[in-house]
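According to this note's numbering, numbering within the sequence shown proceeds without interruption in unit steps and concludes at 984.
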Amino acid sequence: MDIARQLKQGMSTGNLVFGQRQTRSACANGDARLVIVAANCPSDYISKISESHPDVTVHQVAMVNGQLGAACAKPFPVSALCVIDPGQSDLLSLSSNL
887 MDIARQLKQG MSTGNLVFGQ RQTRSACANG DARLVIVAAN CPSDYISKIS
937 ESHPDVTVHQ VAMVNGQLGA ACAKPFPVSA LCVIDPGQSD LLSLSSNL
């Protein structure tokens with residue numbers, strides 16, 4: 887799966903939130919369906935999300951935060967993002983790989 891293409895599709899047709907704080911908030915509100923984290927996202931953040939929200943799939947991509955930000959067409963690094971509505975993308979087919 888081409889993650890960058892699916893992210894662009896999800897951003898244009900669905901609802902994604904970017905950043906660790908917004909991702910944590912979406913998980914706490916029960917809105918999160920999938921969390922995508924960068925390869926260099928802090929492991930304590932990943933474990934905290936996984937433990938406190940076991941019903942949310944957490945997928946770690948091979949890209950570092952700068953590459954993930956560029957794949958999302960953002961001018962800043964993105965270490966975590968949350969899929970609330972995938973739109974027409976296939977992002978929800980990603981499984982947990984931690």
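Note that the Cβ used here is the ideal one computed from N, Cα and C, for glycine as well. Quantities reported herein were computed from a predicted structural model and do not represent experimental measurements.
Inset, instruction - Enumerate in chain order the residues of its own chain whose CB-to-CB distance from asparagine 926 is below 8 Å, with the five nearest sequence positions on each side excluded. - result: Val950, Asn951, Ser965
Inset, instruction - Take the Cβ of alanine 924 as the centre, count every other Cβ of all protein chains shown within 10 Å, and call the residue buried at 16 or more, exposed below. - result: buried
Legend entry - 7 Å Cβ shell around glycine 896 - same chain, five flanking residues per side excluded: Leu902, Val969, Pro972, Gly973, Ser975, Leu977
Inset, instruction - Would you check if the distance between the CB atom of histidine 889 and the CB atom of valine 947 is smaller than 9 Å? - result: The residue you asked about is not histidine; residue 889 is isoleucine in the sequence shown. It is a contact, given that the beta carbons lie within the stated cut-off.
Legend entry - Assigned secondary structure, cysteine 968 (DSSP; H/G/I helix, E/B strand, else coil): strand
Inset, instruction - Indicate whether serine 936 and leucine 967 have their beta-carbon atoms separated by less than 9 Å. - result: no
Inset, instruction - Could you check which residue in Gly905, Asp917, Val921 has the C-alpha nearest to that of phenylalanine 962? - result: Gly905
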